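A short write-up of the structure that comes next.
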Amino acid sequence: MGNGRQTEQSMSLLEDVEVVLKFRKMTKTICFCFLTLIFFGLLFISETTSVFASETEQIRIISTNDIHSYLRPIYYRYLDEFKPWGAQSREGDYLNKAEIEGKIGGMAHVATMIKKLRAEKPGKNLLLDAGDTWHGAGLSLFDKGVSMVKIMNAIGYDVMTPGNWEFLYPKDHFLDLVDQANFPVIAYNLTDREWEEPVLDQYVVKKVGNLKVAMIGLTYPWTALTSAITGAAKWFKFGIKEEEARNLIADIRKNENPDLIVFVSHGGYGLDQKFAQRVDGIDIYLSGHTHDEVFDPVVWNDTIIFQGGAHGKYVVSHDVDVKDKKIQNFDYR
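Its first residue numbered 36, the sequence shown is counted upward by one per residue in the working numbering.
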């Protein structure tokens, strides 16, 4: 009897121990599963937060155009009030405005402003020029644009499109200046006259922060008329080439998959607005040639178009918010 009770008690004790061990094992399993769920939950939250945080990206596009090798400050004048054929405009409006406003611009001031704008958005900016930069003022007549190329190299330009004044130099010297530049000089509508092969890169793609930006160059379509005396008409072909632009944009969208397409154009503000209305797929359009002081950019066909005066009087800063390859907002100054 006594042995039987002891045996039953021992078996009961063993069962209790087994239950405790099973409970502990189950508890460990539950804890492990719970911790695993927490880990993957936190990982998912982290990844999701990262995705959401990276959805909207900002880029600052800094630009100049039509500097015409003006290295030193010049007196300010309002273009819409200045009529060079009228004596009153020369002796009245211009001189009075110059006395009030004083001198502005100059490449030292331009470089300082660019440095400041870049420092505000480190690693998230592009510096572009829309041409008529290597020819015009006195020094360029002596050194044929070499000093201006060196200055642009020192400032650190990213891309340039040539204007019609660049082609006032002979063909070989123009191409030599392009070689001296530490940045791409681009134009899709510039071809060799004999074989109609591209003379320059038609576009360039650059990663800026988390954004992939494609930049296409358009030089002045009628340069062959304005620069014929130097041989540009003999060696190069120009033109608007609207259909080529559509095909190029489509190819870039397909093969490069950029977040933004930027046109760097020396077409003139009127032509560039018409071009943007007729050609789809351009996000930002930097214009040059007509020296327009555009304080409020216009939007045609979802394309933001602007121009920054001339002679180094202005540096344009254009902050753009991008999400899912679409511009959500922009701040222009």
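Note that beta-carbon positions come from the ideal geometry of N, C-alpha and C, so glycine has one too. Please read these numbers as outputs of a predicted model, since none were measured by experiment.
C-alpha distance - residue i paired with residue j, whole-angstrom precision
{"i": "Tyr105", "j": "His353", "result": "23 Å"}
{"i": "Asp318", "j": "Asn100", "result": "19 Å"}
{"i": "Ala263", "j": "Pro219", "result": "25 Å"}
{"i": "Gly344", "j": "Leu212", "result": "24 Å"}
{"i": "Ala154", "j": "Gly323", "result": "26 Å"}
{"i": "Ser261", "j": "Val350", "result": "The amino acid at residue 261 is misidentified as Ser; the sequence shows Thr. Answer to the nearest angstrom: the Cα atoms are 27 Å apart."}
{"i": "His170", "j": "Ala267", "result": "15 Å"}
{"i": "Leu161", "j": "Gly316", "result": "20 Å"}
{"i": "Gly137", "j": "Pro108", "result": "9 Å"}
{"i": "Lys150", "j": "Glu134", "result": "29 Å"}
{"i": "Leu253", "j": "Gly166", "result": "10 Å"}
{"i": "Leu306", "j": "Ile96", "result": "22 Å"}
{"i": "Ile340", "j": "Gln308", "result": "7 Å"}
{"i": "Glu277", "j": "Ser98", "result": "24 Å"}
{"i": "Tyr110", "j": "Glu201", "result": "24 Å"}
{"i": "Lys9", "j": "Ala280", "result": "Residue 9 is absent from the structure shown; the chain starts at 36 and stops at 368."}
{"i": "Arg368", "j": "Arg228", "result": "40 Å"}
{"i": "Gln237", "j": "Asn282", "result": "12 Å"}
{"i": "Ala172", "j": "Val194", "result": "22 Å"}
{"i": "Met148", "j": "Ile139", "result": "12 Å"}
{"i": "Leu152", "j": "Gln215", "result": "26 Å"}
{"i": "Lys361", "j": "Tyr223", "result": "24 Å"}
{"i": "Val314", "j": "Ile296", "result": "12 Å"}
{"i": "Asp331", "j": "Asp294", "result": "24 Å"}
{"i": "Phe310", "j": "Asp286", "result": "18 Å"}
Check whether residue i and residue j have beta carbons under 7 Å apart
{"i": "Ile275", "j": "Pro256", "result": "yes"}
{"i": "Val243", "j": "Ile94", "result": "yes"}
{"i": "Tyr192", "j": "Asp164", "result": "yes"}
{"i": "Arg145", "j": "Gly347", "result": "In the sequence under discussion, the amino acid at residue 145 is Val, which differs from the Arg named in the question. For Val145 and Gly347, yes; Cβs fall inside 7 Å."}
{"i": "His301", "j": "Gly198", "result": "yes"}
{"i": "Leu321", "j": "Phe271", "result": "no"}
{"i": "Ile221", "j": "Val239", "result": "yes"}
{"i": "Gln342", "j": "Asp359", "result": "no"}
Presumed contact (8 Å Cβ cut-off) between residue i and residue j, rounded CB distance
{"i": "Val299", "j": "Thr196", "result": "4 Å"}
{"i": "Met142", "j": "Ile186", "result": "6 Å"}
Residues near residue i in its chain [Cβ-Cβ closer than 8 Å; skip 5 each side]
{"i": "Asn292", "result": "Lys247"}
{"i": "Gly158", "result": "Val243, Gly244"}
{"i": "Gln363", "result": "Thr91, Asp356, Val357"}
{"i": "Ala451", "result": "Nothing can be reported for residue 451: it is not among the residues displayed for the chain, which extend from 36 to 368."}
{"i": "Ala259", "result": "Ala267, Ala268, Phe271, Lys272, Phe273"}
Contacting residues, own chain, Cβ-Cβ under 6 Å from residue i (five flanking each side not counted)
{"i": "Trp120", "result": "Bear in mind that the predicted position of Trp120 carries a pLDDT of just 41, short of 50, making it unreliable; the figure below should be weighed with that in mind. If we look at Trp120 and ignore the five residues flanking it on each side, it has no Cβ neighbours."}
{"i": "Thr265", "result": "Leu203, Pro205"}
{"i": "Gly303", "result": "His324, Thr325"}
Residues near residue i in its chain [Cβ-Cβ closer than 7 Å; skip 5 each side]
{"i": "Gln312", "result": "Trp335, Asn336"}
{"i": "Ile366", "result": "Correcting the residue identity first, residue 366 is Asp in this sequence and not Ile. So the list reads Asp354, once near-sequence residues are dropped."}
{"i": "Leu174", "result": "Ser104, Leu106, Ser182"}
{"i": "Arg288", "result": "Gly316"}
{"i": "Asn217", "result": "Asn188"}
{"i": "Asn290", "result": "none"}
{"i": "Ala88", "result": "Because Ala88 sits at a pLDDT of 49, beneath the cut-off of 50, its placement in the model cannot be relied upon, and the following sentence gives the value as read from the coordinates. Counting only Cβ-Cβ distances below 7 Å, and skipping sequence neighbours, we find nothing."}
Counting Cβ pairs closer than 8 Å, one from the stretch 177-191 and one from the stretch 199-218, do we hit at least three? Contact check between the stretch 177-191 and the stretch 199-218: three or more CB pairs, one atom from each, fall below 8 Å, which counts as touching.
Decide yes or no for the touch test of the stretch 216-234 against the stretch 324-336: beta carbon pairs closer than 8 Å, at least 3 of them. no
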